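Just so we're aligned, residue 1 is where the sequence shown starts under the UniProt record's numbering, counting upward by one. For reference, the structure is listed below as C-alpha cells.
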Amino acid sequence: MPVISTAPELIESEVYIDLQQTLGRQLYVKCEGFNFGGSIKLRAAVSMVAAAGRDGLLKEDSILVESSSGNLGIALSVVAASKGLRFICVTDPRCNEASVQIMRALGTVVTVVDDAHPTGGYLRSRQDYVRALCAEDPRHLWLNQYVNEANWRAHYETTAPEIVKRFPDLDVLFIGVGTGGTIMGCSRYFRDNALPARVVAVDAVGSVTFGLPAAPRFIPGLGAGVRPPLVDRTVIDEVVHVTEVDTIRTCRMLARHGFLLGGSSGTVLSGSLDWLARNDPERRLTSVTLAPDLGDRYVATIYDDPWVLDHFGEQALGPLPEEGNRWC
C-alpha cells in the first residue's frame, strides 16, 4: 500500500471487480472511487490545478471557482484544501446533499443555482453564474473543466496506460461521458498507440451530448444539457444511451451482491451490459468498464425507496428484465 503525505497523492486505482462470477461475463469494472476525492474526478482536478500553476494563472490570492454536479466539486475541494487555496463550487439542486456537506466540510463555499436555463438547463445556469463571478472579481480563477485540455490529458497520461498495462489484449472499453475528459483522454491514447480495443461511450437519456433531445434528469454525473466542447465523436467507436430507471436497477442489482456503486458507475455498467448482450452473445470478449464513483453519496437517492418511488415509480424498484436471464 502507498504511503502518502497529501490527500491528492492517492490517485491511481488497481482495483477491478471481476463480474464473471456475478454476471457470467468477462467484464472487469475498474473502480475509481477509492481516493480522498471519492471518484475519478480527482485525476482531472489534480491535472487542472497543476496546469494552472505551470501556466502562471494561479496566484497567491486566487480563488478557484468551478461548476460541478458533485464529483469534481469534491475532488477540487480536496486539492484546494491540500494546497491552502480558496474554492467556490457552483452546483444545482440535483447535487446530492451528501456531496454538498462533504465539500463544505473541506472548506469549500458551495453555491446552489436554483433556476435552470430554458435551453441549456442547470449546466448553462451554473456556467453563467461562474462567468458573472469572474467578471466581478479578477481573483476568481475558473478552471473550466468543460474546455480545459488538462482534463482529458489526465486520462491520456494515467488512466488509459493503467488499463492497457493490466489488460494488454483488451477488446472493449466502456466509458461514461460527462464533460468528455475521460473518454477523450482514453480514446486518443488508444488511437495514438494503434491499440485495437473499441471505445464505447455511455451517455444518459436526456443528455444532448450525442444529439438526443434534452429531457429532465435527476441523477447527477453523466450527461449534459449543453454539448461538451471537449467531445470529439470521431475518436469514439460507438455510443450507448441509458435511462435513469436502468441506472437505478443496475446499481441496486450490484448492491445485492455487495457492491455499492454510484450513479455514474451504474449508468456505465448498464450500458456495458446492454452493448455486450447485443454484440457478444458468445461471451468471448474481454471488456473493461470504468466506474467513476462509489455509492455512499447516493444512499438518500438511488438507494432510497421513497426517493425512487417519488421520481420514477415502482418500475425502478423491480429487478432488471435481463437479470438471471440475458446477462447472468
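Ideal placement from N, C-alpha and C gives every residue a C-beta, glycine not left out. Only a predicted model underlies this, so the values are computations on that prediction, with no experimental measurement involved.
For residue i versus residue j, is the C-beta spacing smaller than 8 Å?
i: L72; j: A44; result: yes
i: L76; j: E66; result: yes
i: A160; j: S47; result: no
i: P228; j: Y122; result: no
i: I88; j: V109; result: yes
i: I11; j: N35; result: yes
Just to confirm my understanding: we take residue i, look at its own chain, exclude 5 residues before and 5 after, and list those with CB closer than 8 Å. What are they?
i: F167; result: Y28, T286 and V288
i: Y16; result: Y28, V29, K30, C31, R166 and V288
i: M103; result: G73, I74, S77, C89 and V110
i: I4; result: L10
Below 8 Å on the Cβ atoms is my contact criterion, and I expect residue i with residue j to pass it. Report the Cβ-Cβ distance as a whole number of Å.
i: T247; j: G223; result: With a Cβ gap of about 10 Å, T247 and G223 do not count as contacting.
i: V268; j: F210; result: 15 Å between Cβ atoms; not a contact.
i: Y156; j: G185; result: 4 Å
i: V199; j: I236; result: 6 Å
i: V239; j: D203; result: 6 Å
i: P81; j: G53; result: Inspection of the sequence shows that residue 81 is occupied by Ala rather than by Pro. Not confirmed; about 16 Å, so no contact.
i: G225; j: G84; result: The pair is not a contact, with the Cβ atoms about 34 Å apart (cut-off 8 Å).
Among the residues of its own chain, which have a CB less than 6 Å from the CB of residue i, if the five just before and after it don't count?
i: Q127; result: S67
i: W307; result: T301
i: V205; result: H241 and T243
i: Y298; result: G262 and G263
i: L133; result: V65 and H140
i: C328; result: With a pLDDT of 42 at C328, under the threshold of 50, the predicted position of this residue should be treated as unreliable, though the coordinate-derived value follows. For C328, where only same-chain residues beyond five positions count, the Cβ hits under 6 Å are L23 and G24.
i: G33; result: S39, D293 and L294
i: G318; result: none
i: V100; result: V110
i: D316; result: Position check: residue 316 holds Ala in this sequence, whereas Asp was assumed. Excluding residues within five positions, the ones whose Cβ falls inside 6 Å are V245, I248 and V308.
From the DSSP output, in three-state form, read off residue i for me.
i: L276; result: helix
i: I175; result: strand
i: A80; result: helix
i: I63; result: strand
i: C186; result: helix
i: residue 344; result: In the structure as shown, the chain starts at 1 and stops at 328, and residue 344 therefore has no counterpart that could be examined.
i: D137; result: coil
i: R43; result: helix
i: A98; result: helix
i: residue 333; result: As displayed, the chain neither begins before 1 nor continues past 328, which places residue 333 out of reach and without an answer.
i: D293; result: strand
i: T108; result: coil
i: V147; result: coil
i: R198; result: strand
i: S264; result: helix
i: S287; result: strand
Confirm the yes/no value for this check: CB of residue i, any heavy atom of the ligand SAH, distance under 7 Å.
i: A154; result: Because no ligand of any kind appears in the structure shown, any question about the ligand SAH cannot be addressed here.
Got a sec, what are the start and stop residues for the beta strand (DSSP E) residue i sits in?
i: H257; result: Neither: H257 is in no beta strand (DSSP E) and is coded neither H nor E.
i: D18; result: Y16 to D18
i: V29; result: L27 to C31
What span of residues does the alpha helix (DSSP H) with residue i cover, start to end?
i: F87; result: Premise fails: F87 lies in the beta strand (DSSP E), R86 to T91, not in any alpha helix (DSSP H).
i: E238; result: Here E238 belongs to no alpha helix (DSSP H); instead the beta strand (DSSP E) covers E238 to V242.
Kindly say whether residue i, judged by its beta-carbon, lies nearer than 8 Å to any beta-carbon of chain D.
i: A98; result: The question asks about chain D, but that chain is absent: this structure has only one protein chain.
Give every residue of the same chain whose Cβ lies closer than 7 Å to the Cβ of residue i, excluding the five residues on either side of it in the sequence, and list them in chain order.
i: D115; result: S125
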